[in-house]
Amino acid sequence: MWQSLGRDKTTQKSINLDFQSNLDEVKEIIITHEDQIVKNYLSKANKSEKEFWATFFKNKDFDFPLNMHIMKFIIHNKKNIELVFKYLNFRFLFNEVSEKKIVTEYPPYLLIEPVSTCNLKCPFCFQTDGSFTKKPYMGVMDLSLFKKIIDEANEIGVGAVTLASRGEPTLHPNLKEMLKYTRTKKNIFEIKLNTNASFLTEELCYEIFNSKINQVVISADHYEKTMYEKLRKNANFEKIVKNADMLFDIRKKFSNNLTEIRISGIDFYKTTDKKKFHDFWIKRSDHVSIGYALERWDTYNNKEHPEINDPCENLWDRMYIWFDGKVNPCDADYKSYLSYGSVEKNTIKNLWKNQIIEKLRTEHLCNDRKKTNPCNKCGVTFV
């Protein structure tokens, strides 16, 4: 079975994922607590939330897609229905702002870059751009800046945080403290970590599970050593597999663990045997997905795509924050042509609605995406 993991047409797709039993359990949890939700929580909900819940209780189904880590969160927290209620309101909001292009008071989702450098040079990644892999683009986020970002994110109600972006986050010397600190914040429901697994250690694995990270995504693009090391240049296939096994085995020591482990691949040459890819990696994960490469290894010299002119949903549902505090609408623009400020000098909330990003949103809505560099070269469409 194939399931898309995002709304854009080039997104990753799950392979052979049977999530119906989990979905049925999630629905049953909500239906069982209908009276409690209506009586205790819906009275304080806004109009959109009330409509969302009315639709659910009428149809006994969600009108937005649920993926594995969403369902795992609900099942894990099924005894805390108030938390489940708040979390589903956040997921509903995240879906709504993307689809309907609603400008909220703050970004629902932050992608924070602990480190901009990477130990690998994959052919489909901007790390192969020699003009990028040097100053001023390379660096490590100061821990005090990270905590400042997380404190504000929690205060304003950001619901999800991913630690990753242009570089490999496990290269940060204080990553364990970053994970631990983020988990102390009650308004951040989702914490995700993306990694190539080169530097996973036993100590880091334990911290991932102790901090109840929602999802660890391991980027791994093949099931055969020769092709893997061609695609993941500078990687050691045996080491990656060993580290993935270690993460998977350590999790078994934690009962009712929240963390989903997903293997995410890129079919760069469009020749990967999807069944073999799935069968190899599912032994050491919960979930295997694969997609085609996005045009991000040389964004600024890509050909233009005048036929793609729909608004990019990233402008409404997320904010990227680089190691130095600079904010950006996406990481395809890895040199920050479209940056709209810095969290070192301003707040997340003020940046989210400033004139620079509002102008870009307006351009996209007015069919001027094709006139904006590099939006006109990224190749991602949502229609």
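Here this note's numbering is used: position 71 in the sequence shown is 59, and no number is missing along the way. Quick reminder that beta carbons are idealized off the backbone N, C-alpha and C, glycines included.
Exercise. Going by other Cβ atoms of all chains shown within 10 Å of its Cβ, with 16 needed for buried, is residue 232 buried or exposed?
Worked result: buried
For this session: Jot down the residue ranges of each uninterrupted beta strand (DSSP E) in the stretch 1 to 36, minimum 3 residues, whole runs only, in chain order.
Result: Under the rule that a run must span 3 or more residues, the beta strand (DSSP E) segments found entirely inside the stretch 1 to 36 read 1 to 3.
Exercise. Whose C-beta lies closer than 7 Å to the C-beta of residue 319 among residues of the same chain, with five residues either side of it excluded?
Worked result: 153, 154, 308
Exercise. Residue -11 to residue 3, Cα distance in whole Å?
Worked result: Residue placement at residue -11 cannot be trusted, given a pLDDT of 48 that sits under 50; what the coordinates show is reported in the next sentence. Each residue's Cα considered, the two are about 6 Å apart.
Problem set entry | Spatial distance of residue 166 from residue 144 (CA atoms) | 19 Å
Problem set entry | Presumed contact (8 Å Cβ cut-off) between residue 249 and residue 268, rounded CB distance | Rounded, the Cβ-Cβ distance is 14 Å, inconsistent with contact.
Exercise. When we look at the beta-carbon of residue 42 and count the other beta-carbons within 10 Å, is it buried (16 or more) or exposed?
Worked result: Exposed, because fewer than 16 other Cβ atoms sit within 10 Å of the Cβ of residue 42.
Problem set entry | Contact the stretch 282 to 296 vs the stretch 360 to 367: 3+ CB pairs below 8 Å | Pairwise C-beta distances place the stretch 282 to 296 in contact with the stretch 360 to 367, as three or more of them are shorter than 8 Å.
For this session: Go ahead and pull the three-state DSSP assignment for residue 257.
Result: coil
Problem set entry | Closest by C-alpha distance to residue 106, when choosing among 271, 127, 91, 96 | Comparing alpha-carbon positions, the option among 271, 127, 91, 96 lying closest to residue 106 turns out to be 127.
For this session: Taking residue 90 and residue 304 to be in contact with their CB atoms under 8 Å, please state how far apart those CB atoms are, rounded to whole angstroms.
Result: 6 Å
Exercise. Which runs of the alpha helix (DSSP H), 4 residues or longer, sit entirely within the stretch 307 to 360?
Worked result: 336 to 340, 343 to 353
For this session: Go through its chain and collect everything with a Cβ distance to residue 147's Cβ below 6 Å, but skip five positions before and after it.
Result: 78, 96, 177
Problem set entry | Residues sharing a beta bridge with residue 103, DSSP | 128
Exercise. Does DSSP put residue 159 in a helix, in a strand, or in coil?
Worked result: helix
Exercise. Taking the C-alpha atoms as reference points, what is the distance between residue 345 and residue 64?
Worked result: 37 Å
For this session: Look up residue 276 in the DSSP assignment and give the residues it is bridged to.
Result: 251
Exercise. Just curious, the beta strand (DSSP E) that residue 195 is in, first and last residue?
Worked result: Here residue 195 belongs to no beta strand (DSSP E); instead the alpha helix (DSSP H) covers 190 to 198.
For this session: Closer than 8 Å by C-beta to residue 337: which residues in its own chain qualify, once you throw out the five before and the five after it? Chain order, please.
Result: 93, 94, 140, 144
For this session: Just the C-alpha distance for residue 198 and residue 40, rounded to the nearest angstrom, thanks.
Result: Put simply, the backbone Cα of residue 198 is about 33 Å away from that of residue 40.
For this session: Could you have a look at residue 185 and say whether DSSP puts it in helix, strand or coil?
Result: coil
Problem set entry | Residues that residue 98 bridges to, as DSSP identifies them | 149, 307
For this session: Indicate whether residue 245 and residue 207 have their beta-carbon atoms separated by less than 8 Å.
Result: no
Exercise. What did DSSP end up calling residue 207 once you bin it into helix, strand or coil?
Worked result: DSSP places residue 207 in strand when its eight states are reduced to three.
Exercise. Going by Cα to Cα distance, which pick from 317, 31, 185, 314 is closest to residue 272?
Worked result: Its Cα nearest to that of residue 272, the residue 185 stands out among 317, 31, 185, 314.
Exercise. Would you say residue 310 and residue 302 are within 8 Å of each other, going by their C-beta atoms?
Worked result: With respect to residue 302, residue 310 sits apart: the two C-beta atoms are not nearer than 8 Å.
For this session: Classify residue 173 as helix, strand or coil using the three-state DSSP reduction.
Result: coil
Exercise. Cα separation between residue 373 and residue 44?
Worked result: Shown here, the chain extends from -11 to 371; a query on residue 373 therefore has no answer.
Problem set entry | Exposed unless 16 or more other CB atoms sit within 10 angstroms - verdict on residue 0 | buried
Exercise. By how many angstroms is the C-alpha of residue 356 removed from the C-alpha of residue 350?
Worked result: The straight-line gap from Cα to Cα measures roughly 8 Å.
Exercise. Which residue from 46, 240, 16, 70 puts its Cα closest to that of residue 25?
Worked result: 70
For this session: From the DSSP output, read off the bridge partner residues of residue 179.
Result: Residue 179 is bridged to 149.
For this session: Please look up how many angstroms separate the CB atoms of residue 149 and residue 98, rounded, as I've assumed it's under 8 Å.
Result: 5 Å
Problem set entry | Distance between residue 306 and residue 61 (C-alpha atoms, nearest Å) | 21 Å
Exercise. Helix, strand or coil: how does DSSP classify residue 112 here?
Worked result: coil
Exercise. Any idea if residue 8 is buried or exposed, counting beta-carbon neighbours within 10 angstroms, 16 or more meaning buried?
Worked result: exposed
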